Amino acid sequence: MSLLKQTQLLVTLLLTATLIIVLRINFNTAREFTANESYLNTKNNVNMLALTLSIRPMDEDFMKTCINAMFDGGYFEFISLVRQDGSLVYEKREPVAIHGVPSFFITHVDLVIPEVEAKVMAGWNIFGTLKIKGHPGSSYTKLWETLKQLCLQFFVLGILVFFLSVLGLRHLLGALEKIKHQAEEISNNAFIVNQDIPQTPELKKVVLAMNTMVKKVQSIYEHNLENLSKYQKLRYQDKITGLHNRTSFIKQLAMFTGDESKKARGHVVFFGLTGMEAIEASGNRPLVHKIFKEMAGILDTRTGAAVPDATVYRFPRREFAAILPDTEPRDVMTLVESVIKKFLSEKDRDIPDTIKVYAGISSYDKNDDVGMVLSRTDYALSKAKIGHPGTVRMFRNESFQKALGKQEWKTLIEVAFSKNHFFLTAQPVHSDLGEFHREVFVNMVDQEGIQRKANLFMPMITTLGLASKLDRYIIEESAVFLQENQGSVLAVNLTTEFCRDHLAAAWLRQFLSDKESLSDHLLFEIHENTLINFPEICFDFNGLITGKGFKLGIDRFTMHDASLLLLDKIKPYYIKIERDYLEVFDDPQKADMVLNSLFAITKSLGINLIATKIENETQRLELADKNITYFQGHGIAEIIPLKG
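So the sequence shown is numbered by UniProt numbering: it starts at 1 and just counts up by one.
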């Protein structure tokens, strides 16, 4: 029972007790008043009749007539006249019968009706004694009516006081309810400052203390966020253009080539600027920076519009680069040519015409060596620079060309859906406490019985608009597995297309409602790029999942500025960061500062941190020494078929 209800109950009991006591006092007062009034009336009547009878004391008929007249005109139980010697002259009596008053009231209310006497004189001598007793019916009737009026008045007054007390208590305890809400939000790792300071001194002190605590925690969180962002920029950002640098490029490409999703296949583009030697020799650094910024702006805008998952970089030696995951050669060629054309045709008039741009393109695929991709792309760029300005060259990767064609993939995927040729595998996440969960991967068996991983067929699945359908299959199969293997925990990585699909969201809402028993066993993951590119959709998606009692994690977290700023809004259950991103500096002191800031952020938000791509025990121990407790990778456990 809440404090408000307890207080209301206490106030109600006190109010009821008070009203009962006051009602009883008023009723007793009314009863005494009624008894006194009855006595006075009877006293007046007996005196008046005694005087009347004293006029003709020897005329019994006169006396009887007067007594009858008095009895019939009043409300008496009896009237009697007794001589001085004790003989009865006359008596008039009425049986006691009370109407209109409940019997229980008469039984429980003791009302004393007095018997009053007066002397009847015969000259200077006493003739006899006149006795009159009032009838109790009149007194009980008046007292009963008085009680009903008192009860009605006190009932109305009680209801009025009750509602006024409720309003007063709600107003008084409203501040306490806000304190409770603030405490709940703090326990959920939210930074809530209560702006409504109550006037009650004790509550005011509590609110001010909690606000101070929240502000301190929020200040620490923002300080760590700022430090982490600063270190990330030092390590991965080009100071002139704000683009990612070569170090970031190498890590990102390594992450893509080791991916199990559609991003494990795509293209890398190098752009080379020539004709800047004279400008650099003259020391005109503002113009050099202007050229770099203009090229960066065009490249970032064009690639971002054409390829949502594209990332753009600036290298030393007047070069730029772009990673374009899940792209086709023809589309990449068109995009690169449009970037060069726009730069050459629309560059600022301060930029001399001697500045030329060339581009080299190479494909990358799963398990490609990063060094080989760089060599191929460098070779393509060097070949382009031999040609005329604006030349684009693509390195022809034979293994890439031997891949299935678009129509072949389409047919293969359609058959796989119709004949259910998909199957699931999983890789555990471990800690010292045991298995945290198993991440689910989808695979496909083609018509020749060859098993193909997701990175090979996901691009075509997305192109055909079947990503949401495949995600539904994965979710349903995972649910079946969990129902047959109670105690297991699976994490399903959802595509961006599924998150953006309104029909998929409606289906998921119903699915989660039907499978609420799996809320502690079925987890969902989204890619960091999905969060960065579609934050509002991810917030809604997170609300849908957590509203049903399920949990959401962030996969491939790279500590990007945008994703760091969104962490406190989405508050995922966990984030997965590849080992390379946790070893960001050669300087151990700086590396520890970055990790400490990251730990402070995740701890303050209640987020579990999982290190992935752990290839051996040495790597696990190194990160364990830095207080990381959850690990995933081939050095922890291999990917195996998901079986009961």
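Where is the CB? At the ideal position from N, CA and C, for every residue including glycine. Just so we're clear, the structure is a prediction, and the values are computed from it rather than from any experiment.
Contact belief for residue i with residue j at Cβ below 8 Å, rounded distance in angstroms
i, j, result
"GLU60", "GLY134", "About 25 Å; that fails the 8 Å criterion."
"GLY390", "VAL357", "6 Å"
"LEU623", "LEU582", "6 Å"
"THR107", "ALA30", "With 8 Å as the limit, THR107 and ALA30 do not qualify as a contact, their Cβ atoms being about 18 Å apart."
"SER517", "LYS548", "Not really, about 11 Å apart at Cβ, beyond 8 Å."
"ARG302", "LYS342", "7 Å"
"LEU208", "ILE220", "Incorrect: roughly 19 Å between the Cβ atoms, too far for contact."
"LEU40", "PHE154", "Not confirmed; about 28 Å, so no contact."
For residue i, the first and last residue of its enclosing alpha helix (DSSP H)
i, result
"GLY73", "60–73"
"THR129", "Run containing THR129: none in the alpha helix (DSSP H); it sits in the beta strand (DSSP E), 125–134."
"ASP353", "No alpha helix (DSSP H) holds ASP353; DSSP gives it neither H nor E."
"PHE320", "Segment 319–325 is the beta strand (DSSP E) holding PHE320; no alpha helix (DSSP H) there."
"residue 645", "Residue 645 is absent from the model: the chain starts at 1 and stops at 644."
"ARG452", "No alpha helix (DSSP H) contains ARG452, which is instead part of the beta strand (DSSP E) from 451–453."
"residue 646", "Outside the modelled stretch of the chain, which goes from 1 to 644, sits residue 646, for which no answer is possible."
"ASP471", "467–484"
Cut-off 6 Å between Cβ atoms - residues of its own chain near residue i, not counting five sequence neighbours on either side
i, result
"SER80", "GLU91 and LYS131"
"ASN227", "SER597"
"GLU117", "THR129 and LYS131"
"ASN533", "PRO308"
"PHE423", "ASN443"
"GLU398", "Unreliable placement is indicated for GLU398, whose pLDDT of 48 sits below 50; no coordinate value is reported for it."
"GLU185", "ILE192"
"ARG93", "PHE78"
DSSP state of residue i mapped onto helix, strand, coil
i, result
"LYS626", "coil"
"ALA310", "coil"
"LEU299", "helix"
"GLN427", "strand"
"ILE79", "strand"
"MET210", "helix"
"HIS289", "helix"
"GLN401", "Low confidence applies to GLN401: its pLDDT is 39, below 50, so where it sits in the model is not reliable, and the reading given next is rough at best. GLN401: helix per DSSP, three-state reduction."
"residue 667", "In the structure displayed, the chain extends from 1 to 644; residue 667 sits before or after that span and is not available."
"LEU273", "strand"
"THR612", "strand"
"ARG509", "helix"
"LEU14", "helix"
"ARG56", "coil"
"LEU234", "helix"
"GLU32", "helix"
"HIS108", "helix"
"PRO459", "helix"
"ILE240", "coil"
"GLU94", "coil"
"LEU523", "strand"
Proximal residues to residue i (C-beta, below 8 Å), its chain only, five neighbours per side dropped
i, result
"ALA35", "LEU111, VAL112, ILE113, PRO114 and SER139"
"VAL492", "VAL440, ASP471, ILE474, ILE475, SER478, LEU522, LEU523, PHE524 and GLU525"
"GLY266", "PHE256, ILE323, LEU324, PRO325, ASP326, THR327, SER363 and TYR364"
"LYS569", "PRO535 and PHE539"
"LEU544", "ALA505, LEU508, ARG509 and LEU512"
"GLN237", "LEU243, HIS244, ASN245 and SER248"
"ILE640", "THR425, ALA426 and GLN427"
"VAL109", "ARG31, TYR140 and LEU143"
Where the beta strand (DSSP E) through residue i begins and ends
i, result
"LYS576", "574–578"
"PHE395", "Where PHE395 is concerned, there is no enclosing beta strand (DSSP E), given that its DSSP letter is neither H nor E."
"TRP444", "For clarity, residue 444 is Met in the given sequence; the question names Trp instead. Residues 434–445."
"VAL332", "From DSSP, VAL332 is part of no beta strand (DSSP E) but of the alpha helix (DSSP H) over 329–346."
"GLU117", "115–122"
"PHE249", "From DSSP, PHE249 is part of no beta strand (DSSP E) but of the alpha helix (DSSP H) over 246–257."
"LEU567", "Counting along the chain, LEU567 falls outside any beta strand (DSSP E), though it belongs to the alpha helix (DSSP H) covering 561–570."
"GLY371", "From DSSP, GLY371 is part of no beta strand (DSSP E) but of the alpha helix (DSSP H) over 370–386."
"ASP555", "551–555"
Check: residue i C-beta below 7 Å from any heavy atom of the ligand HEM
i, result
"PHE292", "By its list of ligands, the structure shown contains no ligand whatsoever, and the ligand HEM lies outside what it can speak to."
Close Cβ partners of residue i (< 7 Å) along its chain, the five nearest in sequence each way excluded
i, result
"VAL217", "PHE191 and SER604"
"THR354", "GLY275"
"LEU566", "LEU531 and PRO535"
"residue 645", "Any question about residue 645 goes unanswered here, given that the chain covers just 1 to 644."
"GLN401", "Bear in mind that a pLDDT of 39 at GLN401, under 50, signals an unreliable position, so the number given afterwards is only what the model happens to contain. The answer is none, since no qualifying residue turns up."
"ASN47", "ALA118"
Touch check for the segment 429–436 and the segment 378–395: three-plus C-beta pairs under 8 Å?
no
The segment 599–609 / the segment 624–635 touching (three or more Cβ pairs under 8 Å)
yes
Does the segment 320–340 come into contact with the segment 274–289, if we say contact requires no fewer than three beta-carbon pairs (one atom in each stretch) closer than 8 Å?
no
Per the contact definition of three or more C-beta pairs closer than 8 Å, is the segment 503–514 in contact with the segment 454–464?
no
Does the count of Cβ pairs from the segment 5–20 and the segment 155–166 closer than 8 Å reach three?
Taking one beta carbon from each stretch, the segment 5–20 and the segment 155–166 have 3 or more pairs nearer than 8 Å; the two touch.
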